[in-house]
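Chemist: As numbered in mature numbering (1 follows the signal peptide of the UniProt record, and there is no 0), residues -24 to -1, 1 to 676 make up the sequence shown, in order. The C-beta atom is built at its ideal place from N, Cα and C for all residues, glycine as well. Below you'll find the structure I mean.
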Amino acid sequence: MKSTYRRPLTRLTLACAVVLSGCAAQRVHEDGLNAMASGRSAEGLQQLRQAAEMEPGNARYRIDYLSQRTLLTHGLSSKADDARSAGQFDEAAKLYREALMLDPSSDRAQRGLQAVQDQRRIEGVRNQVDTFLKGKQNEQALEAVRRAQRELPNRAELTALARLVDERIEADRVERERSAGLEAAFKRPVTLQFRDANVKMVFEALSRTASINIILDRDVRADLRTTIYVQNASVEDTLDLILLQNQLEKRVLNGNTLFIYPATAAKQREYNELKVRSFQLSNIEATQMATIIKTMLKTRDVVTDAKTNSLVMRDTPAAIAVAEKLIAANDVPDPEVMLEVQVLEVSADRSSNLGLKFPDSFSLSTPSTATTLGALRGLGTDDLTASSLSLGLNLLLQDTDTNILASPRIRARNKEKARILVGDKVPVITNLISPQQNGSNSVITGSVQYVDVGIKLEVEPQVYADSDVGIKVNLEVSNIARTITTASGVAYQIGTRNATTALRLRDGETQVLAGLINDQDRSTASKLPGLGQLPILGRLFSSTNASGGKTEIILSITPRIVRATATPEARLGEIWSGTESTVRDRPLRIDPIGSVRTGTPVGGAGVVGSSGAGASGAGAGAGAAAGGAAAAGVPAAPRVSGPARASLPARRVPGITPAQPAAAAAAAAAAAASAPAPVEEAPVDTAPVASEEETAPVAQ
């Protein structure tokens, strides 16, 4: 007997436990939602997870938990992405780890944390390479980049860094070949004080000060004059400034020789050395990059290969160097965004048919057999047939609810259209009848066209630098309203609703677009004449058929940035490109770099020649002439204490020109020493000089 009573008691206990557990789970679930709404995300998410575990079969609890966890994880990942883009790697790693604690399976957080580690490694390699390059250890820098590329393959940052190191190695090699001893001479400081002086005399002073040879083209005008006052400036900067003032250009011939010529188009085509460089582009189209280069650098010789997306350019080394920086700044990957779209169509149909249905017609008829007119006099009630009278009661209420949901996810590039179609392609058959001339049967030709019916969504995203996403949205919802059958085929009446808008959202922000409502109401009443029109009693003598339908379209869209807008490095954001007529990869400026060492410049290097036939021989003759003049007793260049100052010579010995052979120059100098010749006084610069001694004779 005890076991008989114990079994129902156990079942009752289990039922009570299940009910109490369900109530507890509901309370925990509501507390979790309230906590999430009040900003206590971690606590609320924990309670939602607990409610889902308490009732594993409750789909609502699990959906709420997963959706809130996804939103919170994406929010943390977005903040981490911003911190990573700003270079705050520690903060980014902390946020990514918090996201992984909430959702260990989050692919975005895992990839973000790995990206932080890779960027730290790349930043370390970049610092190491900078140290090597500053120390002129180019080979060690290249080895460091290659080692990092083996550890992190297919990284654009390392590819750009390797390209930078290769360019530095190539530039150093070319510089060593073209100006092995010129670099030191060019960096030597000099002080010049000339007022309205002949350019050739200024070049003579620079030649003796820097111990370099200067050869002039025969078309350099002899009447060019310049005024320049510089102190402790490098020879290179000073020379560039003088050339710019007088529309001249220079070309390095060897380690200690420069060739100067007019900066005309013909001379530049004749003397400018051109370089051919091939660029392999990864992101930007070659034609677009060629347009940028032609517009910025006025380069004509640019050829593109659409098949390999490469670009070949032929121009001066300075223009090539500027083009390299332009390509590095523009050849960046396009931003991409993942669009999470939900389209919901909610329709509700209501219909009712209530009331009494009275017969709407009554008729009397004679027998169907033929009869005579005389027989009609004897017709009675038994010979007449009346139609049936029926009375019906309509009691009908019908409700129909429909929900159509489409949840596509689509990834799109920046400013590229993406299309989504969720529906059917409805065939529309059209028959074309072609009559024949000979009277035979006509020829019927049928064609089938397909019409898209359903949900069509077209989006065009644009990713901004501040992690905002602009979206152009075009939504069209269509359905078959009615089928029309004709003699030539079947046609459809299609109902369409469209919405077009443009909006700007933050990364991970959800926007809901609603209001596309189609509301229809129809009502039909059948009434008994007279009685059916009474105010209250009329309902007893009428039947009402009412129907109505309401359809609403709801669009929810959430952008999530997959690849943000690439920001060029600071060194590529601002590039020196020279003047309107000349391309230079560095600015023209005078930088004070110190004082000149005490002593006399190395002799035998101060050569000012004239190009044309035998330019090299002319330069050698001038050097010999200067040596002969010194041997004949002409005063040599004074020793300079402190910063070197070159001014117009106080005396000038006629008869010595750079074009004279060495023997003639020596003879002229000997004659000047034995028989005093009239000395032509030259204008003296008013600026103070370092010494009162006479300067050496200079070539005219």
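1. With distances taken from CA atoms, which of Arg126, Ala304, Gly111 is nearest Asp94?
2. For Lys163, which of Ile537, Thr185, Leu9 has the nearest alpha-carbon?
3. Give the secondary structure of Ile260 by DSSP, where H, G and I count as helix, E and B as strand, and everything else as coil.
4. Name the DSSP beta bridge partners of Asp7, please?
5. Out of curiosity, what's the CA-to-CA distance linking Pro32 and Asp40?
6. Report yes if the CB atom of Leu481 is closer than 9 Å to the CB atom of Val445, and no otherwise.
7. Give the DSSP-derived three-state secondary structure of Val121 in the structure shown.
8. Alpha carbon to alpha carbon, how far is Thr167 from Val211? Give it in angstroms, no decimals.
9. Compute the beta-carbon to beta-carbon distance between Gly471 and Ala490, rounded to the nearest angstrom, for a pair I have assumed lies under 8 Å.
10. Note down the Cα distance separating Val178 from Trp552, rounded to an integer number of angstroms.
11. Under 9 Å between C-beta atoms, does Glu300 make it to chain D?
12. Assign Gln64 to one of three DSSP states: helix, strand, or coil.
13. List in chain order: all unbroken beta strand (DSSP E) runs of 3+ residues lying wholly within the segment 382 to 457.
14. Please go through the same chain and pick out, in chain order, the residues whose beta-carbon is closer than 6 Å to the beta-carbon of Val453, but skip the five residues on each side of it.
15. Mapping the DSSP letters down to three states, classify Asn285 as helix, strand or coil.
16. Cutting at 6 Å between CB atoms, please list the residues of its own chain near Ile145, excluding the five before and the five after it.
17. Over the uninterrupted beta strand (DSSP E) stretch that includes Phe235, give me the two end residues.
18. Which residue marks the beginning of the beta strand (DSSP E) containing Asn103, and which one marks its end?
19. I need the straight-line Cα distance from Val559 to Arg387, nearest angstrom please.
20. Pick from Ser183, Gln207, Lys176: whose alpha carbon is nearest that of Asp195?
21. Reducing DSSP to helix, strand and coil, say where Gly15 ends up.
22. Beta-carbon within less than 6 Å of Ile190's beta-carbon, same chain only, minus the 5 sequence neighbours each way: which residues are those?
23. Return yes when the Cβ of Leu217 is within less than 9 Å of the Cβ of Val206, no when it is not.
24. So Ser183 is in the alpha helix (DSSP H); what residue range does that whole segment cover?
25. Could you tell me the alpha carbon to alpha carbon distance between Gln469 and Thr459, rounded to whole angstroms?
26. Quick one: give me the first and last residue of the beta strand (DSSP E) that Ala209 is part of.
27. Counting C-beta neighbours from all protein chains within 10 Å, is the total for Asp213 16 or more, i.e. buried, or is it exposed?
28. Taking the straight line between their C-alpha atoms, what separation do you get for Gly524 and Asn329?
29. Please return the same chain residues whose Cβ sits closer than 7 Å to the Cβ of Thr275, not counting the five positions on each side in sequence.
30. Could you please give me the residues that DSSP links to Pro528 through a beta bridge?
31. With DSSP as the reference, identify every bridge partner of Val228, one or two as the case may be.
32. Report the residue from Pro511, Leu287, Leu9, Asn34 whose alpha carbon sits nearest the alpha carbon of Gln23.
33. Just curious, the beta strand (DSSP E) that residue 747 is in, first and last residue?
34. Quick one: is Gly484 buried, meaning 16 or more other Cβ sit within 10 Å of its Cβ, or exposed?
35. How would you label Arg36, buried or exposed, when you count the other beta carbons within 10 angstroms and need 16 or more for buried?
36. What three-state label does DSSP hand Ile470 in the structure shown?
Modeler: Working from what's here:
1. What you label residue 94 is simply residue 118 of the sequence shown in a count that begins at 1. The candidate whose alpha carbon is nearest that of Asp94 is Arg126.
2. For the purposes of this step, residue 163 is taken as the residue at position 187 of the sequence shown. Ranking Ile537, Thr185, Leu9 by Cα distance to Lys163 puts Thr185 first.
3. Indexing the sequence shown from 1 puts residue 260 at position 284. Coil.
4. Here residue 7 refers to the residue found at position 31 when the sequence shown is read from its first residue. In the DSSP output, where bridge partners are listed per residue, Asp7 has none listed.
5. For the purposes of this step, residue 32 is taken as residue 56 along the sequence shown, with counting starting at 1. For the purposes of this step, residue 40 is taken as residue 64 along the sequence shown, with counting starting at 1. So the two alpha carbons sit approximately 13 Å from each other.
6. Taking the sequence shown and counting its residues from 1, one reaches residue 481 at position 505. Taking the sequence shown and counting its residues from 1, one reaches residue 445 at position 469. Yes, they are a contact pair.
7. One-based indexing of the sequence shown puts residue 121 at position 145. It is helical.
8. Translated into positions along the sequence shown, residue 211 becomes position 235. Translated into positions along the sequence shown, residue 167 becomes position 191. Cα to Cα, Val211 sits roughly 9 Å from Thr167.
9. Here the question's residue 471 lines up with position 495 in the sequence shown. Here the question's residue 490 lines up with position 514 in the sequence shown. Incorrect: roughly 19 Å between the Cβ atoms, too far for contact.
10. By one-based count along the sequence shown, residue 178 stands at place 202. By one-based count along the sequence shown, residue 552 stands at place 576. Cα to Cα, the separation comes out at about 28 Å.
11. Within the model displayed, chain D is absent; a lone protein chain is all it includes.
12. Position 88 of the sequence shown, counted from the start, is the residue given in the question as residue 64. In the structure shown, Gln64 sits in coil (DSSP, three-state: anything other than H, G, I, E or B).
13. 385 to 389, 394 to 410, 419 to 439
14. By 1-based counting over the sequence shown, the position of residue 453 is 477. The beta carbon of Val453 sits closer than 6 Å to those of Ile431, Arg473, Ile529, all from its chain and outside the five residues before and after it, given in chain order.
15. Taking the sequence shown and counting its residues from 1, one reaches residue 285 at position 309. If DSSP states are grouped into helix, strand and coil, Asn285 belongs with coil.
16. By one-based count along the sequence shown, residue 145 stands at place 169. Answer for Ile145: Asn114, listed in chain order.
17. Against the sequence shown, residue 235 aligns to sequence position 259. Residues 233 to 238.
18. As a working mapping, residue 103 is identified with position 127 in the sequence shown. No beta strand (DSSP E) contains Asn103, which is instead part of the alpha helix (DSSP H) from 83 to 110.
19. If you number the sequence shown from 1, residue 559 lands on position 583. If you number the sequence shown from 1, residue 387 lands on position 411. One C-alpha to the other measures close to 42 Å.
20. Here residue 195 refers to the residue found at position 219 when the sequence shown is read from its first residue. Taking only the C-alpha atoms, the option nearest Asp195 is Lys176.
21. The residue you call residue 15 lines up with position 39 of the sequence shown. If DSSP states are grouped into helix, strand and coil, Gly15 belongs with coil.
22. Numbered from its first residue, the sequence shown carries residue 190 at position 214. So the qualifying residues of the chain are Phe179, Ser183, Leu234, Val584.
23. Counting from 1 along the sequence shown, the entry for residue 206 is found at position 230. Counting from 1 along the sequence shown, the entry for residue 217 is found at position 241. Note that the C-beta distance between Val206 and Leu217 is below 9 Å.
24. For the purposes of this step, residue 183 is taken as residue 207 along the sequence shown, with counting starting at 1. 175 to 186 is the span of the alpha helix (DSSP H), which, as asked, contains Ser183.
25. Here the question's residue 469 lines up with position 493 in the sequence shown. Here the question's residue 459 lines up with position 483 in the sequence shown. Distance between the alpha carbons of Gln469 and Thr459: 6 Å.
26. As a position in the sequence shown, residue 209 is number 233, starting the count at 1. Counting along the chain, the beta strand (DSSP E) containing Ala209 begins and ends at 201 to 210.
27. In the sequence shown, residue 213 corresponds to position 237, counting from 1. Around the beta carbon of Asp213, 16 or more other beta carbons sit within 10 angstroms, so the residue counts as buried.
28. What you label residue 524 is simply residue 548 of the sequence shown in a count that begins at 1. What you label residue 329 is simply residue 353 of the sequence shown in a count that begins at 1. Approximately 12 Å between the Cα atoms of the pair.
29. By 1-based counting over the sequence shown, the position of residue 275 is 299. Only Ile269, Met289, Asp291, Ala295 meet the Cβ criterion.
30. Residue 528 sits at position 552 when you count from the first residue of the sequence shown. Per the sequence shown, residue 528 should be read as Glu rather than Pro. Note: Glu528 is bridge-paired with Val322, Ile493 in the DSSP secondary-structure output.
31. Counting from 1 along the sequence shown, the entry for residue 228 is found at position 252. Answer by DSSP bridge pairing, in chain order: Leu234.
32. As a position in the sequence shown, residue 23 is number 47, starting the count at 1. For the residues Pro511, Leu287, Leu9, Asn34, the minimum Cα distance to Gln23 belongs to Leu9.
33. There is simply no residue 747 to check, as the chain begins at -24 and stops at 676 in what is shown.
34. Residue 484 sits at position 508 when you count from the first residue of the sequence shown. Looking at its Cβ environment, which holds 16 or more other Cβ atoms inside 10 Å, Gly484 is buried.
35. Walking along the sequence shown from the start, residue 36 turns up at place 60. With fewer than 16 Cβ atoms within 10 Å of its Cβ, Arg36 is classed as exposed.
36. Here residue 470 is taken as the residue at index 494 of the sequence shown, counted from 1. Here Ile470 sits in strand by DSSP.
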